[in-house]
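Engineer: The structure under discussion is supplied below as structure tokens; questions concerning it will follow.
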Amino acid sequence: MRINISRLLQEPWGSLRKYDLDEGPLLLGDDLKVDFLRGTLRLMHTNEGILVQGRLTTQVELECVRCLEPFTYQLSFRLAERFLPASAAALDEDSFPISDDNSVDLDEPIRETILLDLPMHAVCHPDCRGLCPQCGQNLNLGQCDCQKEEIDPRLAILKQLL
Ligand SMILES: [Zn+2]
Ligand SMILES: [Zn+2]
């Protein structure tokens, strides 16, 4: 997603542009597919370049770490990125370069921000019961027969006491 900033760069420092986004589905980089990207961005001309700020909402498909089923996950995140002329950006790790055609490419900063905000251990539902460790049955879809056959020996003793 590129936004042309030729006009904004000619305006005085502090000048603002507002962009309402409603895009998608999109592929960010070559590994992050999002169903949509919505929200409002503000681009400001600063003394060093362009400051992009805003809050966006997106939806991605993740795999549940417990039951391994895909599920959709929505998240809202804040974007705050500095775009500098290429020569200055090369010396500043926390910035992105303004393209030669006077545009800013938001794909990479948005991709990095989303990847940082995604949960490490995503579950489809807080109560997801996962897979049976013995037969692999998805326990959200129903109980398997394993538990009847394999009773923990410690539990077996307890049962005798009851
Ligand atoms: Zn699950
Ligand atoms: Zn089982």
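Using the working numbering, you'd call the opening residue of the sequence shown number 99 and step up by one each time.
We put the beta carbon where it would ideally sit given N, CA and C, even for glycine.
Note that the structure is a prediction, hence the values are computed from the model and not measured.
1) If you draw a straight line from the C-alpha of Gln241 to the C-alpha of Arg227, how long is it?
2) What is the C-beta distance between Phe181 and Pro195, in whole angstroms, given that I count them as a contact (C-beta under 8 Å)?
3) Leu114 and Met142 - do their beta-carbons sit closer together than 7 Å?
4) Considering only residues of the same chain and omitting the five flanking positions on each side of Gln151, which have a CB-CB separation below 6 Å?
5) Leaving out the 5 sequence neighbours to the left and right, which residues in its chain are closer than 7 Å to Thr144 when beta-carbon positions are compared?
6) Does the beta-carbon of Cys244, which I'm using as the reference point, lie nearer than 6 Å to any heavy atom of ligand 2?
7) Once DSSP output is grouped into helix, strand and coil, what is the label at Ala187?
8) Are the CB atoms of Arg176 and Arg209 within a distance shorter than 7 Å?
9) Does the beta-carbon distance from Thr170 to Glu161 come in below 7 Å?
10) Give every residue of the same chain whose Cβ lies closer than 6 Å to the Cβ of Gln172, excluding the five residues on either side of it in the sequence, and list them in chain order.
11) Thinking C-alpha only, which one of Ser104, Asp243, Arg164 is nearest Pro224?
12) Check whether the Cβ atoms of Ile148 and Ile101 sit closer than 7 Å, and answer yes or no.
13) Put Asp118 into one of helix, strand or coil per three-state DSSP.
14) Could you compute how far the alpha carbon of Leu107 sits from the alpha carbon of Ala188?
15) Apply the 10 Å Cβ neighbour rule to Ser185 and answer buried if 16 or more other Cβ atoms are within range, or exposed otherwise.
16) Shorter than 6 Å, the distance from the beta carbon of Cys235 to the closest heavy atom of ligand 2, or not?
Structural biologist: Quick answer:
1) 10 Å
2) 7 Å
3) yes
4) Arg140, Ala178
5) Trp111
6) For Cys244, the Cβ falls inside the 6 Å cut-off from some heavy atom of ligand 2.
7) helix
8) no
9) no
10) Gln157
11) Arg164
12) No, these two residues do not count as a Cβ contact at 7 Å.
13) strand
14) 19 Å
15) exposed
16) The question names Cys, yet the displayed sequence has Gln at residue 235. Gln235 Cβ: within cutoff of ligand 2.
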